[in-house]
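Numbering (the working numbering), first residue to last: 1031 to 1213. Each residue gets a CB set at the ideal place from its N, CA and C atoms; glycine is no exception. Here's the structure we're looking at; comments come further down.
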Ligand code: HEM
């Protein structure tokens, strides 16, 4: 008898595979590439570092709003109350703006600093930064409604949130509290 499979198997598997490949490729590139140690244009901030800190913090706040919207729309994490098309659009817009804000940040991290592990904090930062982009790639490709695995989107979202908070804490928050809050 032919094996029955749901139509959602492929997109979920593909999304997870693309996410994993994205995280690993970013980490490999950051490890192999010779860091340039150069600064970026600061778009009005006092330095590249302060620009990175504030862009990251703004992205974190946007992701927080997105997370609260998702949890409210779903009732609980594992119960399906699909968002309306309008809510999906707002959800995606917030995510896209947050993603765009991190692009110059991660570009500088990878191109100028590379994958570093001199301390646990910096090692965690490098790994979590790669995980953020992996989880982002997976959520972007993940189907919105998978009746059989309702837990999958919230789970990938939780990985993204955890990795982003770790990245923010080990990069921006550490700098704010140990060096300076300057803008
Ligand atoms: C969502 C992705 C990421 C964000 C939002 C982020 C954000 C930041 C911020 C705000 C800082 C502090 C400012 C600075 O020292 O320049 C920083 C530092 C750093 N980042 Fe990232 N980063 C991300 C991904 C990565 C990745 C993928 C790598 C390498 C694989 C990386 C490597 C580093 C390193 C080595 C530092 C210096 C840490 C230190 O010595 O204190 N980052 N990052």
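- Taking each of 1102, 1116, 1194 in turn and checking the Cα distance to residue 1164, the smallest one comes out for 1194.
- In the structure shown, residue 1165 adopts helical secondary structure according to DSSP, grouped into three states.
- In this structure, residue 1192 lies away from residue 1100, with their beta-carbon atoms at least 8 Å apart.
- With at least 16 other beta carbons inside 10 angstroms of its own, residue 1183 counts as buried.
- Secondary structure of residue 1080 (DSSP, three-state): helix.
- The nearest non-hydrogen atom of the ligand HEM is 7 Å or more from the C-beta of residue 1069.
- In the structure shown, residue 1061 falls within a helical segment according to DSSP collapsed to helix, strand and coil.
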